[in-house]
Structures are given as structure tokens and as C-alpha cells.
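S.K.: Please find one structure pasted underneath; my questions will follow.
Number of protein chains: 4
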Amino acid sequence: MILNIDVHLAYQLSQPTDLLLQIEAADLDDQTLLDSQIDFFDVPDFTRVPADEALGNRIWLKADGLFRCTYSARVQIARSAPDVRTLEAVPLHLLPGDTVRYLMPSRYCPSDEFQTFVAAEFGHLRGGAQIAAIRDWIYGAFSYVPGVSNAQTTALDSFVQRQGICRDFAHVLVTLARAATIPARFASVYAPGVTPPDFHAVAEVYLDGGWHLVDATGMSPAETIARIGVGADAASVAFLNIFGQADFVAQSVSVRAE
Amino acid sequence: MILNIDVHLAYQLSQPTDLLLQIEAADLDDQTLLDSQIDFFDVPDFTRVPADEALGNRIWLKADGLFRCTYSARVQIARSAPDVRTLEAVPLHLLPGDTVRYLMPSRYCPSDEFQTFVAAEFGHLRGGAQIAAIRDWIYGAFSYVPGVSNAQTTALDSFVQRQGICRDFAHVLVTLARAATIPARFASVYAPGVTPPDFHAVAEVYLDGGWHLVDATGMSPAETIARIGVGADAASVAFLNIFGQADFVAQSVSVRAE
Amino acid sequence: MILNIDVHLAYQLSQPTDLLLQIEAADLDDQTLLDSQIDFFDVPDFTRVPADEALGNRIWLKADGLFRCTYSARVQIARSAPDVRTLEAVPLHLLPGDTVRYLMPSRYCPSDEFQTFVAAEFGHLRGGAQIAAIRDWIYGAFSYVPGVSNAQTTALDSFVQRQGICRDFAHVLVTLARAATIPARFASVYAPGVTPPDFHAVAEVYLDGGWHLVDATGMSPAETIARIGVGADAASVAFLNIFGQADFVAQSVSVRAE
Amino acid sequence: MILNIDVHLAYQLSQPTDLLLQIEAADLDDQTLLDSQIDFFDVPDFTRVPADEALGNRIWLKADGLFRCTYSARVQIARSAPDVRTLEAVPLHLLPGDTVRYLMPSRYCPSDEFQTFVAAEFGHLRGGAQIAAIRDWIYGAFSYVPGVSNAQTTALDSFVQRQGICRDFAHVLVTLARAATIPARFASVYAPGVTPPDFHAVAEVYLDGGWHLVDATGMSPAETIARIGVGADAASVAFLNIFGQADFVAQSVSVRAE
Chain A
1 MILNIDVHLA YQLSQPTDLL LQIEAADLDD QTLLDSQIDF FDVPDFTRVP
51 ADEALGNRIW LKADGLFRCT YSARVQIARS APDVRTLEAV PLHLLPGDTV
101 RYLMPSRYCP SDEFQTFVAA EFGHLRGGAQ IAAIRDWIYG AFSYVPGVSN
151 AQTTALDSFV QRQGICRDFA HVLVTLARAA TIPARFASVY APGVTPPDFH
201 AVAEVYLDGG WHLVDATGMS PAETIARIGV GADAASVAFL NIFGQADFVA
251 QSVSVRAE
Chain B
1 MILNIDVHLA YQLSQPTDLL LQIEAADLDD QTLLDSQIDF FDVPDFTRVP
51 ADEALGNRIW LKADGLFRCT YSARVQIARS APDVRTLEAV PLHLLPGDTV
101 RYLMPSRYCP SDEFQTFVAA EFGHLRGGAQ IAAIRDWIYG AFSYVPGVSN
151 AQTTALDSFV QRQGICRDFA HVLVTLARAA TIPARFASVY APGVTPPDFH
201 AVAEVYLDGG WHLVDATGMS PAETIARIGV GADAASVAFL NIFGQADFVA
251 QSVSVRAE
Chain C
1 MILNIDVHLA YQLSQPTDLL LQIEAADLDD QTLLDSQIDF FDVPDFTRVP
51 ADEALGNRIW LKADGLFRCT YSARVQIARS APDVRTLEAV PLHLLPGDTV
101 RYLMPSRYCP SDEFQTFVAA EFGHLRGGAQ IAAIRDWIYG AFSYVPGVSN
151 AQTTALDSFV QRQGICRDFA HVLVTLARAA TIPARFASVY APGVTPPDFH
201 AVAEVYLDGG WHLVDATGMS PAETIARIGV GADAASVAFL NIFGQADFVA
251 QSVSVRAE
Chain D
1 MILNIDVHLA YQLSQPTDLL LQIEAADLDD QTLLDSQIDF FDVPDFTRVP
51 ADEALGNRIW LKADGLFRCT YSARVQIARS APDVRTLEAV PLHLLPGDTV
101 RYLMPSRYCP SDEFQTFVAA EFGHLRGGAQ IAAIRDWIYG AFSYVPGVSN
151 AQTTALDSFV QRQGICRDFA HVLVTLARAA TIPARFASVY APGVTPPDFH
201 AVAEVYLDGG WHLVDATGMS PAETIARIGV GADAASVAFL NIFGQADFVA
251 QSVSVRAE
């Protein structure tokens, strides 16, 4: 599958402000950048630095006045996405060092609070079967409701309120997976099936020796997803961090499958 | 300075249980392992994996019955520890990629809540001078009180209650530093001046192009500290994670300067 | 049923300290005090004031050194306890003024967070049938585990962790009832079936024009309960508030059915 | 002082919905209702019930479609408002029974978390002098910023973020007063100096044998305030509780001094 991605962002700044941007699709084994172009208006220079796990990049820049950015890319997705139910858990003592931090609780994913719940509801399952059951439970029990969550909302809040957006669905899945001692992280992605069109977020779980994309909203099969970056949770992969005051002007995200 | 470290741990397990141990002092440019010996009793084998930022190691093992571990090391500390007040902040858009995650909130360090407080109380300062002022404020306003915090206690709780142990002092410092947009992380360490003797924890801040140790408890100057590992907060560098049930039997930590 | 209640409390105080005690069984229509005796040692005087809703009393006193209190009572319980499932909800606009505050969230019962959950899981039921379903769900899904909760633990924490003691079971029931717009409050009580013997706590719900006792732990039928006091949650009916420092010396609670 | 109060509310309901309204100024010793008129459009009937502490009323009603309410009143304020600094604390063991619940933590006022802070910062003061110092500290350290708080925001959140609206200022004052063992409650009020014109909220503290109004926002002297109702915190005295879905249509509040 080939995705055509077009993004436009505009913010008004009242003084020189540091920005950290993470919107470029990553060039990876399972997703190839065929074409990619990012442009800023009136920004003298910027610095691209590797993002978490060296998966994709972040861009540091300093802007003033009207900040405008356009990004266009064509990405070929060539991802074998096995049925998650068939995947085996990796025994804990065989987990690679770089997966360990994704067993631990993070800002929005306090997995340490959920061990009893996970043991009671999903403790009879293991590995991919357990993840699939958690994903299906979230999909069935939660409502996709824009506007009910904000930058303080954690997976614990979402778990209680049973509603949220893609960010919240991913946080709950990541949290419950970690509580089941399966490494799980948060992925910021593009996907064509998202309604309304926007940046999207899904979970990644470490099973059978690799990371696998899982979307509890049911919006985007793994074969259709272009990853931007990964991290412990949404705190690590915001599409834009503004270190100062800014007024929103405009934003559009378009993702089309050829 | 040369430190002699001796640790003994014992836990009773009722079934085969995965353990993740992080107690070995790291071998680094500014701290040289002269001697190091770790022993387990009745544990057939174990796996050492790199810890976060490849700074030090974690050990995976599977144990049953009485788990006992002894660790002894001699570590030469050769750290130039400049007065933190003299260190310059690195402009945000010049921060290396691998420091960015330490600008972001984490499980115990919800720095996103503290921007107004930091701006109001410490906004007139920059860089190392700002960190020193934060450190001195914590040292003056907080009481070192064992037993008031637990595994759920965040920097926000400690900030309100103004008491805690080394873990909590480090969390508050890390949180306020991040709110001031200075990368900060949590270090699990050995230090000779800790009373009562125990594992210790301090903050690390990124200033002038490097990481610098800062201890808000005032117990341990940077020149006397042997680092075990670093991470976003205490969730990332527990000395022992037990993935199951265990009964505490014994623990001793001794750190002596030669 | 006649209950024989014997309580002994002892605390060591290091300076003159205000205490607020709420341990006397209330004399009510459905529970008659046959005999009641409270004694303090070395406390010059004390003041009995009405407790919340004028149901029972609190005792203010000022003590120093070793504070000892003994309380003995015989209470005749004559309570018709209908099957909660048969009780009708009172339409909201017909609720008496003094029940309204028990519709609202309180310190340990943030019912405002649970409206979606209650609507999804129990929204097909009304009144007593809804309360019975909530009670049975808590009883089935939660484990009675002493020591996992503390004075900060809210119903939200307990809901996530699915464990706790009588206080926590009552908080969750009160919270979910309020989220279902049924007035609910917390009752501090004595009951003979509590293991280990201790002060007990249950919920009260307002149905069919009266308050009805409901115990989600399953330990104590309504016919066997002697009420001490009621309030919004545990914050309102602690058996002892100590306004200062005190060391626990001893406590015993005995409740026997004649 | 005589206040002229005019309120208009309009909400669109999609089905018959229970509403609980608390907007009528109370008729009290220190504020006399000279004139008062409330009208609903297309609401067949309603029930007035006493509010908390029998101070003022709440109105239950059931409405459908466009709900409109107009309220007009003239209130004569005749309140002797002594300098709060001159008021003596009532010794705890002499507090009346009906003030005790206002010593306890509530939904938005977790005073149990703030004892160390209050002791450290305000522990050298007593009674009204302590309340005045707390009020002045809040006034100086906090920013009045509409839109940063919502229905979940507690005094702990506001304390950390140091910003909010009248509700939040009152919550912090109530919380710190209770942590200082001075009974404190939340009052929903009208006052002429509020900018922009709206319902207002202040704290009440129990000193010298009576309740005294204190406004940490500095907007409204006690002599200019008309009380609607009181309660543990904002959860108890919302001007409107809607038990169902509603769309906001219009709201205006005008308070003018003759």
C-alpha cells in the first residue's frame, strides 16, 4: 500500500519561540519513504535529531510571528502483519535490554495500578491472545468521544470514564499490556482510515521477538499504518511541542491510499 | 575517591519467579570499576542486558525458594564536579536527540503541571543558577522523613506534602528542572554519606553539554557518587523488580570511602 | 437481635492533644440502646456534640500522656430489612432537601467520574435492582485484602485495583450509586460477623423514601448492624481523629450477638 | 448596601430532564430579601427544598425542550464584617457539632494532604491572623485565569498550578484553613465587583463563634456579598445540576449596587 500524506500547520507566535516538531514519517524496513518534502516559511534554519529508539526524527527550530509548515510524503507500506492472537510472549528473562523500559509505568500509563485487574480479567491468557482480548475489550467497552480528554488525562482516567480518542485508547492498551508484563509503547502514526482525518496513535507490543502495531479503536489495520515515532506514551511523541505561548491558526492532515 | 560497596539481598519466593536486578555500579569515564563480584545462590543462570542509555546493566534471572544475592565492588570516582551555578543552559534547539525525552513528563515527574510555579519562583534565573536555586529551595522547604511515601507517590504529592526520602527529593528536582525546560533524569547511585546506609537516588541535569549530578538532600557531593543506572524516574531504575509474589527476608547496603 | 459491644482504645500522646471520637452506637428507631457506658482515664472533661444528620454523637476531648478509652454497650436491633431489589427509586425532583448532598461527589467518592461506566454496565436497571446489581458486582470482582489501602485511597483507586477493606467496598458502592443518581452515604457501624473483629463500614442508599443499609463485603446483613454515624464518606465518620501526634498502643473491638 | 440581581439562563434539552437549581439569594439575618422573583417558561411545576445547613434553597424541576429561567432580586446587605485578623480561633474541643464536617476533606478540598505545608508556612499564626496570611498568600501567588480549570480540578491541582478562577481560589483557601484545623466551607454568592459579571464563590471560615466570608481573589469585600448557599465545596452548591444531556444556549448575571 502506498500512502499520500499532506500536512499543513500554522501557529501565531508573539516572540521568538523554540519548537519541537515530530511529523515526518520514518524510513524503516517495513515502510519506505518514496518521497518526502517539508517546508517552513520564514524559519532561517532547523536541526533534525534522532527520535526515541532512533525510530524517525524530531526537528528543533526557532520561529517568530506566523509559523507555517507544510509536509508532503509518499510512503510505501510493506508490513507483514500476523494475526496478533498467534504471537507468543517472550519470557521475561529473555527480553532484550531495550524493551525493558516499556514494561515500566509512564506519565499517562500507570500500569502499576492495574495488575489485579489484568490478572482477574485476562490472566487466563498469554501473549498475543491476551493482547487481542484486551484490545477487543477496549473496543467493545469504550466510546470514541472527541473532547472529553485533555493533556492531563491518563489511562487511569480513561479506564474509569470509558471514553476518549485514539490517544486514550492507545494509552489504555499500553497500560494493560505492561500490567500483563508484555512490553508496550505508544506510536504516533499516519493511517488512511481515521475519521475525521488527523494524526493518529496506536499501541505497539513486543511479542515473538518484534514490535507489533495494535489499534484498539479498530480504525487502522497494521498494514495501512505509517509510523512517525514511538515512545513511552503521548508525552514522548507529540507532533508539536511549543516552548512558549502560541495561538492556533490552522491545521490539516490528509492521508490517502493510492 | 575509592568506594567499597557491599550489598546483600534475600527474598523468599514461593514459585519460579522472574527478577530484574539493577545493583551493579556502572563502569564509566568518571567512575572506574576496580573490582566487582556478584553472586547468586541456587540460580542456574542469568542474563545481563544493557540498561537505559546503555549506562550500566540490568540482570534478568529466574529464581525459586530463597533468593540470595551478594554484590561487592571497588569503584574509583574521578569526577570533576563543577559548581552547578556556573553551568550554562543549552539552548533548546541545540539539545541532542537523546536528551529530549528527559524534557518530558514521566510516571513520577508530571512536569507539565509545574510550569507556572517554576516561572513564578525561579523564572528570573537560567541554567545552573536556576537548578541551584531549585535544589536549595527543596533542601530548605522539605523534610527527609522515611515512611511517608510509597510506590504511588509522585513529585506532585511530595511537592504538596513537602516531605519524603531521597527518591522523592530527586523526583521533585527532576520535575521542576523539566518544567524549566532543562533536561533532567533520575540516577540510582551509591554514596558513602547516606544515613541510614541504603541505595541512594539523585537527579541529573543536562547543562553545558553534559549530565551533572545534583542531590537535593544534601547528603552526597557529586564527587562521592557511584552511578548504577539512569532513567526517566524511579520507575526505570528500581534496584529490584519482582514479577510475582515475594517475602522480604533481608537487605543490607554498605558504602565506605577508602 | 441484641448486640454486645466492647471497645478498648489506647494511644500515647506527648502533649495536650484534641481528640474527636465517634464510637458510640446511636439510639435510633431501628436500634435501641439498652445499656451504654464510656470511660476515659485521666481526662478531666469532654463534650458530646451531635454528629452529621443528628444521627449519633461525636465526643470532643483534650488528653495528654496515655489516652485510654473503654466503651461497652448493649444494642437491640429491630430493623425491617427488605430485599433491596424490591425498593423503588425516588424520582429526582421528589428527593428531600437533606438527601441532595448525598448525590454529590465527596473526598473519597468521586462519583462524577463514573457516569459512563454506570450507564454502560447498570443502566438497564433502576432503583433497588440497580443497587443490588452494583453490590453483587463489587462482591464478585473485588478481593477483601487488608493493608492495600490507606488514608489517601479513593473509590477510584479501589475501582482500578479491585481490592481493599470494608471502607473501600463501601466507597465504591456509594460512588457508583451516586453516579446512578441514587443518594448514597457512608455508615460507620458495628456488626457481629466481621472478621477479624473491628469497626465496620457499609453503604446506605436512599430508596422508597428511606435509607437502607447495603454491605458489598457480604459480611453483615442489615438486620445485624448497629450504626455509629453516617456521612459523605470515611472522611466524615472516622472513629478517632487525632489533631496532633500520637503513638498507637492498643485497640480491640468485640461485637457478639446474644 | 442594596444589590440588584438579574439572572437569565437558557438550555436546550432533548428529553424530559431533572434539573437542580440553586440561584436564589438566601434570606438571612445579615442579608434581607427586599424583593425576589423567579420564573420558568413551560415548566409545569417545581419543588423548593432547603439547601445545606438550611441556608437558602434548591429548586427541583423537570423540564423539556428549551429551558428558560429568569431571576430578579433586591437584597439588602447588613453585615458587620470585622477585620478577619482580629478574630480568635475556637478551640477544637469547643467547636459546635455542625461545624465539624467542615474540618474534614471533601471532593475538591483534600485538606489532609496539606498539614505539613500549612504548619511550615503559617504555623506561627493562629485564628484570623492565620486565615488572613493564607488569603494574602493566595492573592499574591495565584493568577486569576479563566479556562484553566474544569469540573475535575481540585485545590491540589490549583495549588500546584497557581492559577484558576474564584472557585479555585476559594477551594485553596478552604483546604488550607481545614489543614490548619479551622472549619471552612464554600459559599456560592452574588457580588457587584466581579469581572466579568458572573456567579461568584468565596470561602467561609468559622472563627469567634461565627462564620465569616473571605475572598482570596480580592474582588468582593464581605459587606458586598449576597449568599446563595454553602457547602463542603463547589460540588455542593452548583448553580445548576443537569441530570442528563443539555446544550448551553445563554446565560447572563448582573449584580449592581444601588
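Protein chains in written order, with UniProt numbering: chain A, 1 to 258; chain B, 1 to 258; chain C, 1 to 258; chain D, 1 to 258. Beta carbons are placed, not taken as given, at the ideal position from N, Cα and C, and that holds for glycine.
When the distance is taken between beta carbons, is Y108/C closer than 8 Å to A155/C?
M.R.: yes
S.K.: Please determine if the segment 110 to 120 of chain B and the segment 175 to 184 of chain B are in contact, where contact requires at least 3 C-beta pairs separated by less than 8 Å.
M.R.: yes
S.K.: Between V49/D and chain C, is there a C-beta pair that is closer than 8 Å?
M.R.: yes
S.K.: Strictly under 8 Å for the Cβ-Cβ distance: is V160/C near chain A by that measure?
M.R.: yes
S.K.: Among C166/C, P196/C and Y206/C, which one has its Cα closest to the Cα of Y139/C?
M.R.: C166/C
S.K.: Return helix, strand or coil for L55/B, following the three-state DSSP convention.
M.R.: coil
S.K.: Return no unless some Cβ of chain D is closer than 8 Å to the Cβ of T175/B.
M.R.: no
S.K.: By DSSP, does residue 260/A sit in helix, in strand, or in coil?
M.R.: This structure leaves residue 260/A out entirely; chain A is present only between 1 and 258.
S.K.: Buried or exposed for F248/C, going by 16 or more other Cβ atoms inside 10 Å?
M.R.: exposed
S.K.: Go through its chain and collect everything with a Cβ distance to H93/C's Cβ below 7 Å, but skip five positions before and after it.
M.R.: So no residue of the chain qualifies.
S.K.: Assuming V255/C and P192/C make a contact with CB atoms under 8 Å, what is their CB distance in whole Å?
M.R.: Correct: roughly 5 Å between the Cβ atoms.
S.K.: By alpha-carbon positions, which one of R162/C, P16/C and P110/C ends up nearest to L61/C?
M.R.: P16/C
S.K.: Specify, as a first and last residue, the run of the alpha helix (DSSP H) that A179/B falls within.
M.R.: C166 to A179
S.K.: For the segment 32 to 103 of chain D, list the beta strand (DSSP E) runs that are entirely contained and at least 3 residues long, ordered along the chain.
M.R.: 46 to 50 and 57 to 77
S.K.: Quick one: measure Cβ to Cβ for A81/B and P221/B, integer angstroms, because I've assumed they're closer than 8 Å.
M.R.: 7 Å
S.K.: Could you work out which residues of chain D lie near G97/C, taking near to mean beta carbons separated by less than 7 Å?
M.R.: V49, P50, A51 and R58
S.K.: Using a beta-carbon distance below 8 Å, is residue 264/C in contact with chain A?
M.R.: Residue 264/C lies beyond the range of chain C shown here (1 to 258); nothing can be said about it.
S.K.: If the cut-off is 7 Å on Cβ atoms, which residues from the segment 233 to 256 of chain C count as contacting chain D, listed in chain order?
M.R.: A235, S236 and F243
S.K.: Tell me whether T217/D is buried or exposed, calling it buried when 16 or more other Cβ atoms sit within 10 Å of its Cβ.
M.R.: buried
S.K.: Is the CB of Q163/C under 8 Å away from at least one CB in chain A?
M.R.: yes
S.K.: In the DSSP output, which residue or residues are listed as bridge partners for I131/D?
M.R.: Its beta-bridge partners do not exist; DSSP assigns none.
S.K.: Measure the C-alpha to C-alpha separation of V189/D and I77/D and round it to an integer number of angstroms.
M.R.: 12 Å
S.K.: Which residue marks the beginning of the alpha helix (DSSP H) containing A246/B, and which one marks its end?
M.R.: That residue, A246/B, is in no alpha helix (DSSP H); its beta strand (DSSP E) goes A246 to A257.
S.K.: Under a CB-based cut-off of 8 Å, is H124/C close to chain D?
M.R.: no
S.K.: Using a cut-off of 9 Å between C-beta atoms, extract the partners of L61/A located in chain B.
M.R.: H93
S.K.: Please check if any C-beta of chain C sits within less than 8 Å of the C-beta of S106/D.
M.R.: For S106/D, the nearest CB of chain C lies under 8 Å from its own CB, placing it at the interface with that chain.
S.K.: Check each residue of the segment 127 to 138 of chain B: if its Cβ is closer than 7 Å to any Cβ of chain A, include it; give the result in chain order.
M.R.: none
S.K.: For W211/D, which of I182/D, T195/D and Q130/D has the nearest alpha-carbon?
M.R.: I182/D
S.K.: Let me see if you follow: with CB-CB separation under 8 Å, is L156/D close to chain B or not?
M.R.: yes
S.K.: Using a Cβ-Cβ cut-off of 8 Å, state whether F169/B counts as contacting chain D.
M.R.: no
S.K.: How is the beta strand (DSSP E) around D18/B delimited, first residue to last?
M.R.: T17 to L21
S.K.: Taking A257/A as the reference, which of A51/A, H8/A, V75/A and Q12/A has the closest Cα?
M.R.: Nearest option by C-alpha distance: V75/A.
S.K.: At a cut of 8 Å, does the segment 235 to 254 of chain C reach the segment 193 to 203 of chain C through at least three beta carbon pairs?
M.R.: yes
S.K.: With distance defined between alpha-carbon atoms, name the residue in V205/A, I225/A and F186/A nearest to V90/A.
M.R.: V205/A
S.K.: Using a threshold of 8 Å, state whether the C-beta atoms of D168/D and S149/D are closer than that.
M.R.: yes
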